[in-house]
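Step one of this worksheet: look at the structure below.
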Amino acid sequence: AGLIIKGLPVMDGALHRVPTKADKKGVKSGVYKAFLDGRPAGWYRDYRSGDTDVKRWVFSGGDNIDPLARLHLKAQAQQNREDSARAQAQQYNRQAGYASRYVSRLPQATTSPYLTRKGVTAAPGVRINPGGELVIPFSNAQGKIRTYQRIPE
Numbered sequence: 001a002g003l004i005i006k007g008l009p010v011m012d013g014a015l016h017r018v019p020t021k022a023d024k025k026g027v028k029s030g031v032y033k034a035f036l037d038g039r040p041a042g043w044y045r046d047y048r049s050g051d052t053d054v055k056r057w058v059f060s061g062g063d064n065i066d067p068l069a070r071l072h073l074k075a076q077a078q079q080n081r082e083d084s085a086r087a088q089a090q091q092y093n094r095q096a097g098y099a100s101r102y103v104s105r106l107p108q109a110t111t112s113p114y115l116t117r118k119g120v121t122a123a124p125g126v127r128i129n130p131g132g133e134l135v136i137p138f139s140n141a142q143g144k145i146r147t148y149q150r151i152p153e
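The UniProt record's numbering applies: residue 1 is where the sequence shown begins, and numbers increase by one.
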């Protein structure tokens, strides 16, 4: 792959979009994700090349690492995974709050061109936005709206 990474790759377990050799200025068709969990590893992909395979790599050196240092790396990796999971849950909750507020402000749908074409009526909870799109809320087991889908006319 022709990814262009300025400096060293960021080994934080997050996705990083980067340009490729074939990209025009400002375009980032490459992506990678790298980890420092015990043994450095990661994957990368060049979307511009048309190759749908994800390339994986694992650091092959470091067999002589001190056992105490290896234990420390594993503990740090576990902490990083927990921190990432916590941050992701917070992001999901923020987005769910937005979705809930958005859906609750919309009027109940009674009819729409889409529903008419399908020959069905709007189910309870289905809303319609000012642009005429149907808004279908999705709730969790506790009945709280977590996301929604918009269906154009």
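All C-beta atoms in this analysis are idealised placements derived from N, C-alpha and C, irrespective of residue type, glycine included.
Give me the Cα-Cα distance between Arg56 and Gln76, rounded to the nearest whole angstrom. Translated into the one-based positions of the sequence shown, residue 56 becomes position 56. Translated into the one-based positions of the sequence shown, residue 76 becomes position 76. Roughly 22 Å between the two C-alpha positions.
Kindly list the residues whose CB is nearer than 6 Å to the CB of Pro40, restricted to its own chain and excluding five residues on each side of it in sequence; keep chain order. As a first step, residue 40 is located in the sequence shown; it is residue number 40 there, counting from the start. Take Pro40, set aside five residues on each side of it, and the residues of its chain with a beta-carbon closer than 6 Å to its own are Phe59, in chain order.
Taking 8 Å as the threshold (C-beta atoms), are Arg127 and Val103 in contact? Stepping through the sequence shown from its first residue, residue 103 is reached at position 103. Stepping through the sequence shown from its first residue, residue 127 is reached at position 127. Yes, they are a contact pair.
What separation, rounded to the nearest whole angstrom, lies between the Cα atoms of Gln108 and Pro152? Taking the first residue of the sequence shown as 1, we reach residue 108 at position 108. Taking the first residue of the sequence shown as 1, we reach residue 152 at position 152. Using only the alpha carbons, I get a separation of about 16 Å.
Are three or more beta carbon pairs between the segment 42-50 and the segment 12-27 nearer than 8 Å? The segment 12-27 and the segment 42-50 touch, with three or more beta-carbon pairs separated by less than 8 Å.
Look at the alpha carbon of Asn129 and the alpha carbon of Val120, and state the distance between them as a whole number of angstroms. Within the sequence shown, residue 129 is the residue found at index 129, counting from 1. Within the sequence shown, residue 120 is the residue found at index 120, counting from 1. Spanning the alpha carbons of Asn129 and Val120 requires a straight line of approximately 19 Å.
Runs of 4 residues minimum, wholly inside the segment 97-152: which ones carry the alpha helix (DSSP H) assignment? DSSP runs (the alpha helix (DSSP H)) wholly in the segment 97-152: 113-118.
May I have the straight-line CA-CA distance separating Lys6 from Leu36, to the nearest angstrom? The count along the sequence shown starts at 1 and reaches residue 6 at position 6. The count along the sequence shown starts at 1 and reaches residue 36 at position 36. A straight line joining the alpha-carbon of Lys6 with that of Leu36 spans about 19 Å.
Assign residue 191 to one of two classes, buried (16 or more other C-beta atoms within 10 Å of its C-beta) or exposed (fewer than that). Past the edges of the chain, shown from 1 to 153, lies residue 191, and the structure says nothing about it.
DSSP puts Tyr32 in a beta bridge; with which residues? Counting from one through the sequence shown, the residue named residue 32 turns up at place 32. Within the DSSP bridge table, the entry for Tyr32 names His16, Tyr44 as partners.
Going by CA-CA distance only, name the one from Gly50, Arg146, Arg17 that's closest to Ala34. Counting from 1 along the sequence shown, the entry for residue 34 is found at position 34. Scanning Gly50, Arg146, Arg17 for the CA closest to the CA of Ala34 turns up Arg17.
Between the alpha carbons of Pro19 and Phe138, how many angstroms are there, rounded? Counted from its first residue, the sequence shown places residue 19 at position 19. Counted from its first residue, the sequence shown places residue 138 at position 138. The straight-line gap from Cα to Cα measures roughly 36 Å.
Near Thr147, what residues of its chain come up, given a Cβ to Cβ distance below 6 Å and the 5 sequence neighbours on each side ignored? Numbered from its first residue, the sequence shown carries residue 147 at position 147. Excluding residues within five positions, the ones whose Cβ falls inside 6 Å are Ala99, Phe138.
Could you check what DSSP says for Arg81 in three-state terms: helix, strand or coil? What you label residue 81 is simply residue 81 of the sequence shown in a count that begins at 1. Three-state DSSP puts Arg81 in a helix.
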